[in-house]
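If you read the protein sequences in the order shown, they are chains H and Y. Take any residue in the first sequence, note its place counting from 1, add 8, and you have its number in this note's numbering. Take any residue in the second sequence, note its place counting from 1, add 8, and you have its number in this note's numbering. Working notes, structure below.
Number of protein chains: 2
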Amino acid sequence: MSNIKQYITDNKERFIEELLEIIRIPSISADPAYKKDVANCAEVVAESLRKVGVQEVEILPTEGHPIVFGTHIIDPNLPTILIYGHYDVQPPDPLNLWLKPPFEPYIAPTEVHPEGAIFGRGSADDKGQFFMHVKAFEAMKANNSLTCNVKFLIEGEEEVGSAHLEDFVKNNHDKLKNDVILISDTHIYSKEQPSVTTGLRGLSYVEVSVTGPGRDLHSGLYGGAVPNPIHVLSKMIASLIDDEGHITIDGFYDNVEELSPEERSLMNELKDDPENFKNSISLREVQGEKGYTTLERIGIRPTLDCNGIWGGYIGEGAKTVIPSQAFAKISMRLVPNQTVEEITEKFTQYFKKIAPNTVHVQVKPHHGGLPYVLKSDTKEFLAAQRAMEKAFGKKVYPYRSGGSIPITSMFEKELSSKCVLMGFGMDTDAIHSPNEHFGISNYFLGIESIPYFFEEYCK
Amino acid sequence: MSNIKQYITDNKERFIEELLEIIRIPSISADPAYKKDVANCAEVVAESLRKVGVQEVEILPTEGHPIVFGTHIIDPNLPTILIYGHYDVQPPDPLNLWLKPPFEPYIAPTEVHPEGAIFGRGSADDKGQFFMHVKAFEAMKANNSLTCNVKFLIEGEEEVGSAHLEDFVKNNHDKLKNDVILISDTHIYSKEQPSVTTGLRGLSYVEVSVTGPGRDLHSGLYGGAVPNPIHVLSKMIASLIDDEGHITIDGFYDNVEELSPEERSLMNELKDDPENFKNSISLREVQGEKGYTTLERIGIRPTLDCNGIWGGYIGEGAKTVIPSQAFAKISMRLVPNQTVEEITEKFTQYFKKIAPNTVHVQVKPHHGGLPYVLKSDTKEFLAAQRAMEKAFGKKVYPYRSGGSIPITSMFEKELSSKCVLMGFGMDTDAIHSPNEHFGISNYFLGIESIPYFFEEYCK
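This is how it looks when you write it as structure tokens:
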């Protein structure tokens, strides 16, 4: 391992420069205007795999954005680790809040990353993180230290719900055959308390519309005599969560796995500093479901959030209109044993039930995903924990994150192998937000941890 | 008068063509991108006054858009009628709902206007209506039938709250001196029951923002543990109106003029067909303050409407964000004796009071205006009623409209003369909405009524 460590140190500058190249490509999967950039990014990722010596590299088209797939078999009798990541990124808006353009990466220190962080959309989510695996592979291969077979599956639609991945996986069981799936698309709890993610929430995402009058109306000539869709929608949204932070949708909690007091106290072992949490996101006060800690609210409780709302005149100045329609995007995070179909259906029923008869309501489901849990006594978790403990030189905790990687449960079902969520981001990295960044030390701790994982897993 | 009628008939085609020319100019006062078009429109309006023989025509700059002013004195001892109108228009969005581009006017029949209507932004509000006065002047002058002096004040900022008009009026008392102010910027109740508008509501317009976390957050990693500004704003908006349609702002109704049962029954003389009302705007059900008819809800009751709301991701597809901020534009329509300052202040106090301590709230006042009432026993009202009865050949009713023309009360205060709101639009004209239009028969009934008003008023 000392050879590998030395190799990483010797190539540090280049490993950073190569990552910046990839961040420069605006591979925004949600916006059709960037289709070419997404395709270009796939080419660049494929080339990066070829360059480090992956035996077989393919760009596989889907009905959406392509998948980059790499195969490197050193001995069919050895275990195979499948690396999953994604090269697509979130839309960068609101653009005006970025200090520098989102696709012109640069390095600057932050409070959390005094050694410097790489700023740019996708730096942490997930370009910086999947690329750690490319560079770790390079380091292992260059030092003849590969201990098992490797496959790379880097997709281009994670930020739009991995729309075509499930079909791809279903049709390619043999190609994807593996013993464990290794994913770096999450964050550690903190540098002092690094962690392996052992739980992810699922997701149900819907778009709703409320229609009042058949056309936009003058708010003077009609105001007071017609239902205003913005008010109706506001009231409906307000009534989805009660004063104690519980979601009011009929039967929403029916299937929620309740953790035992022991499990809850284990997950609260991580020391959680509320002041720190508030300060890290400039928050006045936390808010959430009564009876749960912040770690629990995020880790083991289902939630509902409005991700967008719009209606009426939203330009400069004043326009006295009662709009015909108002819209919202609403997502729910799911925990074991809730399913996407169940919750989407319960939401739809309830949302229509609470609509007054003065308006017409529509609910359109977007993508969803199941929750995922990796028990902390499994071989897979323990290999990741030990690998990171070697790289960090610190105790590594199991941690239930609130985010969703909907494909984890699909992988497990289709490929019968466990997903290990060994991510190296930080919750301050501003992923999905302006000024997203990825700590340089995190990047290299990741590149170092991965060979340890290979070693531990193949023991 | 028969000469005038004949002249109008003989010039019908030209009177329409000239109006279309003015509608073609996108004089959108709210949007700085159209500043040149607004200025160009002022030139065209001034030229139209010169062409019909108005003695002195000026384009007077303001700090915003210019005012077109015309003076025509035939005898200083005769009364002077000041015509007020505006050549600016509302923004045309949402553009995709227009059947043809908003500034490419065309003529087509509608159910209400089987004889044809002129479609285009500003056709009814207010280009078609102020231009009736230009053409009526032309007809009177060409037939040597002017019975009094005329002044024209056509401004370019009505749709942005007449920002610079008050200063202009205050500094030009002598120039503006008149006996009565005649305004066509309202609608008749219906073709069967034409009306003169005897009441307008005032306006208080504010923009609010709610800030939760200091930056946009990933809704998975944070959802459930932080206040979501969209939810908070939704709940605050929902709580501004109770289940009986009353506005909950402290002291909101303190100064509201309550009409006597006699006054209320007089205003309900107009036959109001609820089915017709609903159908005209494709509404499922009316909604409003308990204890009042639709005519009363619009005419004599103060109201609150959200005119716009936005926050979070509103693009295509799904983005899992908890936004840092959410925004809304909220307007209140005022009735006698509410004032803009009073209501804006009460709103601000209340909105801050109901904000939870997890968020930061800002309230920014936009423009406002006082309500206006013209009693139906005044010389001014009676002249308008008789003029229209001659042109329409039908009984003409007094009608309290719900809209606002904030400058009416300012005119009365500054110039000590009454405003007569003799408008010829229809409530189906879709002003402020896509596919705004103005009936051709309304246009010519207007052009015909105006000389009758001159005659009646100068008797």
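Every residue gets a Cβ at the ideal spot worked out from N, C-alpha and C, and that includes glycine. Just so you know, these numbers come straight off a predicted model, no measurement behind them.
Sufficient close CB pairs (3 or more, under 8 Å) joining the segment 318-335 of chain H to the segment 218-233 of chain H:
yes
If we ignore side chains and look at the alpha-carbon of each, how far apart do Ile317 (chain Y) and Ile322 (chain H) end up?
7 Å
First and last residue of the uninterrupted alpha helix (DSSP H) at Thr386 (chain H)
That residue, Thr386 (chain H), is in no alpha helix (DSSP H); it is neither H nor E in DSSP.
Near-chain C residues of the segment 293-314 of chain Y (beta-carbon distance less than 7 Å), N- to C-terminal order:
The structure shown has no chain C; the protein chains it does contain are H and Y.
Near-chain Y residues of the segment 185-197 of chain H - C-beta to any C-beta below 7 Å:
none
Within chain H, partners of Leu291 (chain Y) - CB distance below 8 Å
Gly220, Pro221, Gly222, Val234, Pro235 and Thr366
Within 9 Å of chain Y by C-beta, residues of the segment 28-46 of chain H in sequence order:
Ser37, Ala38, Asp39 and Pro40
Go ahead and label Leu107 (chain H) buried or exposed: buried means 16 or more other beta carbons lie within 10 angstroms of its beta carbon, across all protein chains shown.
exposed
In its own chain, which residues sit with a C-beta less than 7 Å from the C-beta of Ser247 (chain Y), not counting the 5 before and 5 after it?
Thr256 and Ile362
Shortest alpha-carbon distance to Asn152 (chain Y) belongs to which of Y:Arg272, Y:Gln357 and Y:Pro459?
Y:Pro459
Could you check where the alpha helix (DSSP H) with Phe145 (chain H) kicks off and where it finishes?
Gly136 to Ala150
Would the C-beta of Asp175 (chain Y) count as close to the ligand COA, meaning under 7 Å from any of its heavy atoms?
Summarising the ligand content, the structure contains no ligands, and the ligand COA is consequently not present.
Minimum length 3: unbroken beta strand (DSSP E) runs contained in the segment 11-80 of chain H:
64-68 and 75-80
List the residues of chain Y whose Cβ lies closer than 8 Å to the Cβ of Leu225 (chain H), in chain order.
Ile289, His440 and Ser441
Residue interval of the beta strand (DSSP E) (run including Leu278 (chain H))
Taken as a continuous stretch (DSSP letters only), Leu278 (chain H) belongs to no beta strand (DSSP E), as it is neither H nor E.
Going by C-alpha distance, which of Y:Tyr451, Y:Gly130 and Y:Lys327 is nearest Ser439 (chain Y)?
First, the residue type needs correcting, since residue 439 (chain Y) is Ile and not Ser in the sequence shown. Nearest of Y:Tyr451, Y:Gly130 and Y:Lys327 to Ile439 (chain Y), Cα basis: Y:Gly130.
Under 8 Å, Cβ to Cβ, is there at least one residue of chain H near Gln98 (chain Y)?
yes
Contact under 8 Å by Cβ, Phe138 (chain Y) with Ser192 (chain Y):
yes
Close-in-space but distant-in-sequence residues of the same chain around Lys135 (chain Y) (CB under 6 Å, 5 per side omitted)
Ile30 and Ile31
Minimum Cβ-Cβ distance from Ser417 (chain Y) to chain H less than 8 Å
no
With 16 other Cβ atoms within 10 Å as the buried cut-off, status of Gly401 (chain Y)
exposed
On the criterion of 16 or more Cβ atoms from any shown chain inside 10 Å, does His141 (chain Y) qualify as buried, or is it exposed?
buried
At the 8 Å Cβ level, is Leu229 (chain H) part of the contact set with chain Y, yes or no?
yes
Residue range of the unbroken alpha helix (DSSP H) whose run includes His368 (chain H)
First-last for His368 (chain H): His368 to Gly377, but that is the beta strand (DSSP E), not the alpha helix (DSSP H).
Check whether Tyr451 (chain H) and Tyr197 (chain H) have beta carbons under 8 Å apart:
no
If you follow the beta strand (DSSP E) that Arg209 (chain H) is part of, which residue opens it and which one closes it?
Neither: Arg209 (chain H) is in no beta strand (DSSP E) and is coded neither H nor E.
Please identify the residue among H:Thr205, H:Thr436, H:Phe446 and H:Thr386 whose C-alpha is closest to the C-alpha of Tyr465 (chain H).
H:Thr386
With DSSP as the reference, please indicate the residues paired to Asp313 (chain Y) in a beta bridge.
Y:Ser339
Lys159 (chain Y) (DSSP reduced to helix, strand or coil)
strand
Taking Glu25 (chain H) as the reference, which of H:Val97, H:Glu166 and H:Ile115 has the closest Cα?
H:Ile115
Under 7 Å Cβ-Cβ, which residues of chain Y neighbour Arg472 (chain H)?
No information on residue 472 (chain H) is available, as it lies outside the stretch 9 to 467 that chain H covers here.
Pro406 (chain Y), enclosing beta strand (DSSP E) - first and last residue:
Tyr405 to Arg408
Work out the CA separation of Gln393 (chain H) and Ser384 (chain H) for me, nearest whole Å.
9 Å
Counted within 10 angstroms of its Cβ, other Cβ atoms place Tyr407 (chain H) as buried (16 or more) or exposed:
buried
Cut-off 7 Å between Cβ atoms - residues of its own chain near Leu173 (chain Y), not counting five sequence neighbours on either side
Glu163, Glu165 and Ile415
Proximity to Val158 (chain Y) [Cα-Cα], best of Y:Leu390, Y:Ser227, Y:Glu123 and Y:Leu86
Y:Leu86
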